[in-house]
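Undergrad: Chains as they are written, first to last, in the working numbering: chain Y, 1 to 929; chain H, 1 to 172; chain X, 1 to 88.
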Amino acid sequence: MTGRRIEAGGLIDRAARLNFSFDGRNYTGHPGDTLASALLANGVRILGRSFKYHRPRGPWGAWFDDPNAMMNVRLGRDELPNCPATTTALVNGMSARAVNAWPSAAHDIKGGLDLFHRWLGAGFYYKTFMWPNWHLFEPSIRKMAGLGALEMSGIEGHVTDRVDDVCDLLVVGGGAAGLSAARAAAEAGQGVLLVEDHPELGGGLYRRGTPVDGQPPVAWVAEQRHAIEAAGGRILTGTTAYGVYDHGLVALSEDRGFAKAPRLWRMRVRRAILAAGATDRPLTFANNDLPGIMAVEAGLEFLGRHGVLVGQKIALASNTSFGDLAAERLEAAGATVRRYDPTARPLQGIGRKGLEAVRHGRYRYDADVLLASAGWTPLVHLWRHAGGKLRWSDALSAFLPGDPPEGMAAVGAANGTFDLDHAVEEAGCVATGTPLPQPRTRYHIAPHWPEPGGEGRQWIDFQHDVTLKDVEQAARENYTSVEHLKRYTTLGMASDQGKTSNMAGLAAMAAIQGRPIPEVGTTTFRPPFVPVPMELYHGTNRGQQFHPLKRLALEPQHRAAGAALGEYGGWLRPAWYGENPMTQAIRDEALMARQTVGVLDASPLGKIEVMGPDAEAFVNFIYYNTIRTLKPGRIRYGLMLTEGGVVYDDGVIARVAADHFVISCSSSHVDGVTALLESWRQDGNDPDRIFVHDCTAHWATITVTGPEARRVMRALDLPVQDVPHMSFCDAIFAGRPLRIARVSFTGDTSYEMSVPTGSALALWQAVKEAAEGRGGGPIGVEALSVLRAEKGYIMVGKDTDGETMPHDLGFTGPREKKKAAFVGDRSLHTATANASDRRQLVGLAVEEGAPALPTGAHIVTGGERPASQGYVTSSYDSPILGRPIAMALIAGGHARLGEEVTIWHMDETRSATITAACAFDRQGARLDA
Amino acid sequence: MRDDRLKWDAPASDPKVLAQDGLHVTRVRPTRLTLISGVQARRASALPLIGWPDQVTSEQFALCLRRDRILEVGGPDRLPGWDAEAGLAISEMTDGYAMFHLDGDRTLGLLKRGGVARPDQPSPSVVRLMFGMDVLLYCRGASGFGLCVPGPRAETLRSALRAHLSQHGAEI
Amino acid sequence: MQLFPCPFCGDRDEREFHFAAEAGKSRPDTTGAVSDAEWATYLYAQRNDKGPVREVWVHLTCAELFVLERDSVTMAVLRATPLRQDPA
Ligand SMILES: [Zn+2]
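1. Taking the straight line between their C-alpha atoms, what separation do you get for X/Trp57 and H/Leu136?
2. Which one or two residues does DSSP pair with Y/Ile653 in a beta bridge?
3. Can you find a CB in chain X that lies within less than 8 Å of the CB of Y/Gln682?
4. Below 7 Å CB to CB, which residues in the same chain sit around Y/Met408 once its five sequence neighbours on both sides are set aside?
5. Flag X/Ala88 as yes if its beta-carbon sits less than 8 Å from any beta-carbon of chain Y, otherwise no.
6. Check the Cβ of Y/Leu249 against every Cβ in chain X and list those closer than 7 Å, keeping chain order.
7. Report yes or no: do the region 172-180 of chain Y and the region 220-229 of chain Y share at least 3 C-beta pairs separated by less than 8 Å?
8. Nearest chain Y C-beta to H/Gln167 closer than 8 Å, yes or no?
9. Given that a residue counts as buried once 16 or more other Cβ atoms are within 10 Å of its Cβ, and exposed if not, what is Y/Met607?
10. State yes or no: is the C-beta of Y/Ala413 within less than 8 Å of the C-beta of Y/Ala423?
11. Verify whether the separation of the beta carbon atoms of H/Ser91 and X/Cys9 is less than 8 Å.
12. Is the region 446-464 of chain Y in contact with the region 482-501 of chain Y, if contact means three or more CB pairs nearer than 8 Å?
13. Can you find the residues in the same chain that come closer than 7 Å, C-beta to C-beta, to Y/Pro915, ignoring five residues on each side of it along the sequence?
14. According to DSSP, is H/Asp120 helix, strand or coil?
15. Take the Cβ of Y/Tyr363 as the centre, count every other Cβ of all protein chains shown within 10 Å, and call the residue buried at 16 or more, exposed below.
16. Could you tell me whether any Cβ in chain H is nearer than 8 Å to the Cβ of X/Ala76?
17. Give me the residue from Y/Gly58, Y/Ala89 and Y/Asn72 with the minimum Cα distance to Y/Gly29.
18. On the three-state DSSP scale, how would you describe Y/Pro103?
19. Taking C-alpha atoms, which residue in H/Phe100, H/His164, H/Phe131 and H/Pro53 lies nearest to H/Ala142?
20. Closer than 7 Å to a non-hydrogen atom of ligand 1 - does that hold for the CB of H/Ser125?
21. With Y/Thr902 as the anchor, note down where its beta strand (DSSP E) starts and where it stops.
22. What is the C-beta distance between Y/Ser495 and Y/Met94, in whole angstroms, given that I count them as a contact (C-beta under 8 Å)?
23. Flag Y/Met267 as yes if its beta-carbon sits less than 8 Å from any beta-carbon of chain H, otherwise no.
24. Does the beta carbon of X/Phe4 sit closer than 8 Å to a beta carbon anywhere in chain H?
25. So, using beta-carbon positions, are Y/Arg281 and Y/Ala374 closer together than 8 Å?
26. Are there any heavy atoms of ligand 1 lying less than 7 Å away from the beta-carbon of H/Cys64, as far as the coordinates show?
27. To the nearest whole angstrom, what separates the beta carbons of Y/Thr522 and Y/Leu506, a pair I think is in contact under 8 Å?
28. If you draw a straight line from the C-alpha of H/Asp99 to the C-alpha of Y/Pro211, how long is it?
29. Scan the region 209-244 of chain Y and note each continuous beta strand (DSSP E) run of 3 residues or more that stays entirely inside, going in chain order.
30. Shorter than 8 Å from the beta carbon of H/Pro150 to some beta carbon of chain Y?
31. Looking at Y/His54 and Y/Leu115, is the spacing between their C-beta atoms short of 8 Å?
32. Please look up how many angstroms separate the CB atoms of Y/Leu347 and Y/Leu283, rounded, as I've assumed it's under 8 Å.
33. List the residues that DSSP assigns as beta-bridge partners of Y/Ala16.
34. Below 8 Å on the Cβ atoms is my guess for Y/Pro756 versus Y/His698; work out the distance and round it to an integer in Å.
35. First and last residue of the beta strand (DSSP E) that includes Y/Ala760?
36. Could you please give the first and the last residue of the uninterrupted alpha helix (DSSP H) stretch that includes Y/Asn834?
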């Protein structure tokens with residue numbers, strides 16, 4: 001037992017007791033404790049195991065700078081993995097378990113891995129498991145790796161609340177500098193938001209306990225808070241600014257308690273003041289990872305904030321002037337403190353499962369705790385996120401904020417202003433824009449960096465078990481850039497993202513190569529500054545909110561009719577109806593539509609109006625097909641191409657008047673086609689003479705198709721006499737406009753009827769009833785897919801791919817004859833477009849009695865090494881034909897009708913015969929029957 | 001293909017989307033919506049032209065959607081098509097939008113969950129991206145807002161608002 | 001998350017915008033002869049400059065295309081110009 005709770009001091013409430021357990025043993029703590037501080041107060045030293053060698057570890061830091069004490073924590077029914085013990089506030093009833101350790105951190109059965117460290121150096125896994133194939137070894141290696149275990153049941157209501165907001169001035173950090181800046185700015189009338197990641201304001205003030213402006217820290221902090229709020233400033237505690245993004249967007253994560261998803265503030269700030277402070281960096285010496293070795297500032301933080309004296313015989317090794325103050329503070333709390341100068345002679349930690357003694361040169365001294373510091377490192381992460389530059393300070397042996405990013409300033413320890421009074425003064429000046437005093441510092445440091453070739457195992461990255469020898473090895477193998485060093489050794493890739501390891505790592509590389517530290521440089525600083533849960537990135541965009549679909553006006557009717565619903569091009573649509581198994585239901589519907597009549601909700605079909613004096617020339621340019629010659633009242637099928645000549649969409653165009661067209665593009669392309677039309681309208685045409693209205697949402701479209709379709713229309717007393725195929729007429733239904741279009745996607749006589757969605761229900765009921773009276777009924781999208789495939793009608797994106805041009809589908813006319821310019825025209829006459837081995841759309845017939853081909857199966861050449869000549873794009877059992885049908889894109893397919901080809905799929909081959917794409921009613925007799 | 005009907009809640013038909021203290025969301029049915037585009041579209045309506053954060057004070061107004069496009073709400077019956085004389089393209093859109101009224105002092109808090117819409121950042125248009133979709137957002141009185149989405153997105157908006165309220169309602 | 005200025009609507013979140021093209025490219029007149037090289041340049045050649053760039057962007061919510069000048073390194077927005085002028 002080394003650590004203990006002292007009688008008084010700290011921000012904890014000694015009157016209240018909190019019960020908790022760690023690795024199965026029960027302990028108590030107080031409100032204001034973290035898991036780590038409570039365990040230290042109970043004399044526990046080993047709080048975790050390292051990632052690779054399963055070395056025992058205690059906390060190095062007291063806040064986000066600790067890479068060692070990671071725990072799975074359960075509270076009631078909620079369990080979270082990988083909670084840093086140093087930042088997890090203690091709650092009554094918590095049960096914590098060290099990650100990466102079994103049965104406990106103190107007795108980990110994989111601890112033996114440490115004996116093999118000689119063979120487990122940097123790159124061990126890459127090199128050892130390369131032959132024959134890494135994937136053979138990966139599963140078992142992955143099983144050994146990883147930290148906490150996920151509780152698969154999840155946590156009820158663990159959903160992040162995401163709020164967009166703005167502020168004039170964001171102050172990051174509620175320590176002395178941040179509070180001073182926020183107060184000065186708020187009192188000067190600025191709209192201030194101050195964020196502090198601890199639950200309480202005050203930052204590092206509790207470590208030393210020195211008075212500010214003559215007041216003890218707690219009183220001074222309370223006064224600042226009051227003044228800031230009185231001046232209209234806002235304060236968020238328990239809130240971490242974890243990323244700075246473009247144009248002043250700062251991401252704030254607000255803690256809302258254990259197992260509650262933090263709130264995300266997307267704060268757009270005009271100006272930000274970075275007062276994030278600084279951390280101690282580790283000293284690099286042999287066995288510097290033993291439990292009991294921690295940062296000087298961590299020792300002071302546990303003392304000042306949590307009332308925990310971390311050891312009784314404390315060795316203190318610091319190369320800065322802050323060591324004196326630390327020693328005084330610890331002695332005053334009852335410890336004996338012995339100081340060591342790490343620059344004078346090599347240090348070594350001695351002990352098996354924790355520090356027992358310190359060797360300094362030739363001498364050995366007993367100690368239960370070693371507080372170490374190799375100097376302060378300003379927290380410049382957010383500065384770098386924002387694009388600020390860093391500069392190296394020889395005086396402070398640290399990277400400091402250099403050229404500022406727009407709208408950001410740094411104050412206090414984050415700016416290298418380590419002395420309290422200087423920091424307070426600087427913060428006030430920066431906040432109000434008054435001139436800064438001359439920079440000065442009482443802080444003194446005798447630089448001390450890792451010494452290559454040193455004895456023993458000297459840890460650089462505690463969690464990932466990267467030692468000085470690994471850095472030396474990386475250098476020998478020429479991974480000398482810090483970015484390569486990081487990825488090769490995983491240095492800085494632990495959950496603290498290099499907060500403890502990066503400086504030592506790059507200094508080690510600098511020393512190995514004999515280069516100055518600033519020349520070696522740092523790795524890139526990226527958000528998030530601290531680990532944040534994935535919930536922050538999705539918020540309520542989960543479940544039905546993750547990828548919400550467009551919904552049909554008639555969905556209630558489809559549900560009532562027993563429709564199975566599926567996603568088709570961003571819409572939730574009926575796939576088939578009724579209780580029969582899927583295959584049977586689809587088959588029955590397809591057959592019904594061929595034999596009597598099918599009714600389809602086709603509402604998602606595009607209804608994009610193009611109007612204006614230049615409308616005709618415009619649609620003629622947009623479409624591959626000639627539209628100019630289309631007469632009012634008539635409809636034409638057309639393809640839309642990309643400028644690369646690839647088929648982008650197919651649909652029909654109706655001409656309402658000389659200066660008025662309606663484009664009915666495919667259901668999934670409405671937004672895309674509208675955007676494409678707007679783009680060509682405004683960039684390349686006169687936008688004052690063409691206007692594009694996407695009216696798709698206003699209309700519901702119901703299609704009646706089949707040999708009985710005309711009789712259904714007559715039964716409803718709808719005009720059908722004057723509507724030949726590929727034309728439309730306007731009528732009135734229930735007092736509102738009705739447009740009847742004769743177009744067919746099934747090959748049978750079809751009527752597409754469009755009414756405002758408010759009238760859809762009445763029309764649907766009337767049509768359905770009339771159809772059912774003739775042995776027909778509703779059909780889903782799946783049956784429609786079968787019907788159109790029987791006719792060889794394409795679905796763009798299914799029967800075409802990113803190379804398919806119109807002539808590959810047999811539409812050769814406009815390519816050869818259209819005189820006017822159109823989108824993609826020139827691309828249809830390149831060497832590629834003229835190649836003889838282009839993949840062309842054909843049909844495939846299977847052998848008598850054989851099953852349908854798998855969609856996606858390849859058509860292959862024969863011989864030892866078959867090569868793909870194309871693939872099956874659509875394949876179905878055709879109920880009306882009583883045999884399977886298929887469409888395929890095959891190299892030179894149009895000239896190969898009748899050829900027998902080999903089909904390959906999942907190592908099995910079959911044969912099929914190339915046919916025309918259309919398998920049913922090739923003469924088109926049914927179209928106008 | 002699979003049957004996803006259980007994955008998606010059946011669309012709600014109750015016009016009362018939410019009714020809580022300080023937050024009421026109701027679906028309303030405008031008598032007529034007319035989409036009007038043209039060089040002079042912003043001067044084409046006799047109704048007050050509404051940008052952000054202009055206040056709508058009656059049931060008849062024209063929302064400014066673009067440089068050359070407005071949406072008349074409760075306006076006169078117009079012949080759809082190209083009006084060559086006025087140089088206007090006209091389409092009826094009465095059934096194309098779902099219109100919601102948001103009322104109560106917590107409304108602004110709810111809107112902050114959907115995106116940035118600050119009264120101190122004026123804009124000539126009322127179109128924006130909110131709750132992940134294109135919406136028309138305008139002000140109705142001191143704490144009221146109108147929110148229109150394309151009809152097929154009505155359910156998306158309803159469920160988005162309900163998700164925010166059910167997860168975080170107490171804190172909005 | 002960037003803030004872009006729509007010349008009509010004003011400053012909006014970048015999610016309301018989409019890149020359309022590099023500015024200054026015009027479509028060859030395809031009713032006349034266009035060489036393969038000329039067409040390929042039109043289709044595929046991008047300047048992709050480092051530093052100040054002129055690009056056509058679209059404000060998706062109001063569908064306005066405009067020229068956006070920005071810095072591809074610092075992400076600073078320099079200027080937004082409408083492709084067209086307001087009606088008189
Ligand atoms: Zn705009």
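Using N, Cα and C, we set each Cβ at its ideal position, and we do this for glycine too.
TA: Short version:
1. 21 Å
2. Y/Arg636 and Y/Ile663
3. yes
4. Cβ within range, chain order: Ala272, Leu274, Trp383, Ala386 and Gly388.
5. With a pLDDT of 46 at X/Ala88, under the threshold of 50, the modelled position of that residue is not reliable, and the figure given next carries that caveat. By this cut-off, X/Ala88 is not an interface position.
6. Met1
7. yes
8. yes
9. Checking the sequence shown, residue 607 of chain Y turns out to be Lys, not Met. When all chains shown are included, Y/Lys607 counts as buried.
10. Yes, Cβ-Cβ distance for Y/Ala413 and Y/Ala423 is below 8 Å.
11. No, the Cβ-Cβ distance between H/Ser91 and X/Cys9 is not below 8 Å.
12. yes
13. Note that residue 915 of chain Y is Thr in the sequence shown, not Pro. The answer, listed in chain order, is Val842, Gly843, Leu844, Ala845 and Leu897.
14. coil
15. Taking all protein chains shown into account, Y/Tyr363 has fewer than 16 neighbouring C-beta atoms within 10 Å of its C-beta and is therefore exposed.
16. no
17. Y/Ala89
18. strand
19. H/Pro53
20. yes
21. Glu900 to His905
22. Between Y/Met94 and Y/Ser495 the Cβ distance is about 20 Å, and since that is not below 8 Å, they are no contact.
23. So no, Y/Met267 is outside the interface.
24. With respect to chain H, the C-beta atom of X/Phe4 has no partner C-beta closer than 8 Å.
25. yes
26. no
27. 6 Å
28. Residue identity differs from the one stated: residue 99 of chain H is Met in this sequence, not Asp. Computed Cα separation, rounded: 60 Å.
29. 234-237
30. yes
31. Not in contact: Y/Leu115 and Y/His54 (Cβ atoms no closer than 8 Å).
32. 7 Å
33. DSSP lists no partner for Y/Ala16.
34. 6 Å
35. Where Y/Ala760 is concerned, there is no enclosing beta strand (DSSP E), although the alpha helix (DSSP H) it sits in stretches over Ala760 to Glu772.
36. Ala831 to Asn834
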